[in-house]
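Everything below concerns the one structure shown next.
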Amino acid sequence: MSCGFSLATTRNVSYRLLGGLDIDQHANATYARMLSRPALNMSARDLLKPSALKNALAEWSYDASLPLVLIGCAPCQGFSSHRKKDPRVDERNDLIEVFAKVAVKLLPDVVIMENVPELLHAKHWAHFSAFKKTLEKAGYTVRAKLHNAAEYGVPQERYRALVIASRDGSRTHMPTSIHSVENYRTVRDAIGRLPPLSAGQSDLADPMHLTSKHRPDTIALLRAIPPDGGSRSALPPDMVRDCHKSVDGFRDVYGRLWWDRPSVSITARCRTPSCGRFTHPEQHRGLSVREAALLQSFPADWHFEGPFDDKYKQIGNAVPPLFAKAVAEAIDRNWVNSESPADHVVQGDVTAPIGRSISSSIAAWKKRARSESKLTEATQ
């Protein structure tokens, strides 16, 4: 998110990054290296302690006389649909409420939160509701809406919940989409010019363009999957792995990306073809670090610190910078003399728990977007 704000083109305000915090030391090292601001190795919970908050603000050179935008992106794994069969309660989920309490201590001009759509599902609504009530009690107008990152130039169909809050209602405008289905950026747009690699190979000119070293039987399996969107359904029976023979789901596993479509959602496990549709459209391997980063819309020179797997973890957990850039520019556009979106019915806001399956809802949204695109083409 900070990367996207640093890329924003603005007219009314000028953003100055103060710093960040995380318990992930490698993410912090990347932040400090690429954004040249301090990233503190601590939890947001620590900021509820007055002394820790005071010390953190000093580290970040916080100036209370200037407007403040406070961003919090709590871990999404506890809310994700990938854990729908896991009965355990993820202790990280209450970081949503912690973030609201920190915000009330600082009273920023704008509060921003991003997470998976499941945050707004009935199952997890209590966490979001507590966040919302805490801010509303402090005088904030709170809006929540689902967005597809592909509509903001990200070469990836990634649906996420975006929450924007402000005590000035005119500063809660959501970003405006700049791409429609027919001109989404594609996998080819993002990674089509990169040098080819074999599994386990790295590009001498780019230390981030390196890939996993797959086992020979995995490479043989990938060779049997057709290029440009092929899936494991094309495999001969003798190559289908035992774990897939009795299961009808997980159809994207070992699937190839399509060249001329956006990518699927990039995750922390996107280097591994066995974890989803993360196989290169033509080459017999999973995605390189650089390819994953470009599909998340990071700048082409972005460097990720830490061990191999941690690089992918940072990329998969990130907010796509181009989406964050759109958020930053929406705040800038409506900083002065703007109509408050709270003054009229706001289309598309999530104001009640989502009851139906998130995955089926996303499928319906995609279908509707494509239908609307075809209708627009037919009436022009």
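Those letters in the sequence shown? Residues 3 to 382, per the working numbering, in order. Ideal placement from N, C-alpha and C gives every residue a C-beta, glycine not left out. Please read all numbers here as calculations on a predicted model, not as lab measurements.
Measure the alpha-carbon distance for residue i versus residue j and round it to whole angstroms.
i    : j    : result
P275 : G288 : 5 Å
E159 : M176 : 18 Å
N14  : L20  : 19 Å
A41  : I180 : 32 Å
S16  : K51  : 30 Å
Y64  : S53  : 15 Å
G194 : R358 : 37 Å
L296 : A366 : 27 Å
P77  : D311 : 17 Å
S361 : N57  : 42 Å
P197 : G257 : 21 Å
K103 : A124 : 22 Å
T269 : F280 : 9 Å
P309 : S172 : 43 Å
K135 : G141 : 10 Å
V91  : E307 : Because the pLDDT at V91 is just 48, under 50, the model does not fix this residue reliably, and the value given afterwards should be weighed accordingly. Answer to the nearest angstrom: the Cα atoms are 30 Å apart.
D24  : L97  : 12 Å
T143 : E120 : 22 Å
D170 : V338 : 10 Å
P228 : A10  : 40 Å
K107 : A294 : 37 Å
Q27  : L109 : 28 Å
N117 : F101 : 13 Å
V71  : L137 : 14 Å
G22  : K139 : 26 Å
E331 : R18  : 14 Å
S8   : L224 : 39 Å
A354 : A60  : 39 Å
H84  : L199 : For H84, the pLDDT reaches just 45, beneath the cut-off of 50, and the residue's location in the model is therefore unreliable, leaving the point undetermined.
S342 : G350 : 16 Å
Taking the continuous beta strand (DSSP E) assigned at residue i, which residues delimit it?
i    : result
G318 : From DSSP, G318 is part of no beta strand (DSSP E) but of the alpha helix (DSSP H) over F310 to N319.
A58  : Where A58 is concerned, there is no enclosing beta strand (DSSP E), although the alpha helix (DSSP H) it sits in stretches over P52 to E61.
D48  : Per DSSP, D48 belongs to no beta strand (DSSP E) and is neither H nor E.
How is residue i classed by DSSP in three states: helix, strand or coil?
i    : result
M115 : strand
S299 : coil
T32  : helix
R279 : coil
P323 : helix
G171 : helix
D205 : strand
S363 : helix
V71  : strand
R258 : strand
L199 : coil
S265 : strand
Q285 : coil
S83  : Residue placement at S83 cannot be trusted, given a pLDDT of 46 that sits under 50; what the coordinates show is reported in the next sentence. DSSP places S83 in helix when its eight states are reduced to three.
A66  : coil
D2   : No answer is possible for residue 2: the residues shown for the chain start at 3 and end at 382.
N185 : helix
L37  : helix
L23  : strand
L121 : helix
Please look up how many angstroms separate the CB atoms of residue i and residue j, rounded, as I've assumed it's under 8 Å.
i    : j    : result
A163 : A146 : 6 Å
P283 : D230 : 5 Å
T32  : Q298 : Incorrect: roughly 13 Å between the Cβ atoms, too far for contact.
P157 : S265 : 6 Å
C272 : G318 : 6 Å
T188 : Q203 : With 8 Å as the limit, T188 and Q203 do not qualify as a contact, their Cβ atoms being about 24 Å apart.
H211 : M36  : In fact, because the Cβ distance is near 17 Å, the residues do not count as touching under 8 Å.
A129 : E99  : The amino acid occupying residue 129 in the given sequence is His; Ala does not appear at that position. Sure, about 7 Å apart at Cβ, within 8 Å.
V321 : M3   : 4 Å
G6   : K313 : Wrong, their Cβ atoms sit about 19 Å apart, outside the cutoff.
D111 : R190 : At roughly 40 Å, the Cβ-Cβ gap does not stay under 8 Å, so D111 and R190 are not in contact.
L324 : Y154 : 5 Å
A201 : I221 : 6 Å
V183 : R372 : 5 Å
V348 : L122 : Going by Cβ atoms, the distance from V348 to L122 rounds to 15 Å, so no, they are not a contact pair.
S233 : R253 : 6 Å
T174 : I166 : 5 Å
Starting from residue i and walking both ways along the alpha helix (DSSP H), at which residues does that stretch end?
i    : result
G232 : Element bounds for G232: n/a, residue is neither H nor E.
A270 : Looking at the DSSP string, A270 is not in any alpha helix (DSSP H), and its letter there is neither H nor E.
I98  : L97 to L108
G6   : S4 to L9
L224 : P218 to R225
D191 : V189 to I193
Say the cut is 7 Å; is the CB of residue i nearer than that to a heavy atom of the ligand ZN?
i    : result
R160 : In terms of ligand content, the structure shown is empty, and the ligand ZN therefore cannot be addressed.
| task | Write down every uninterrupted run of the alpha helix (DSSP H) in the segment 126–164 whose length is 4 residues or greater and which is fully enclosed by it, in chain order. | result | 127–139
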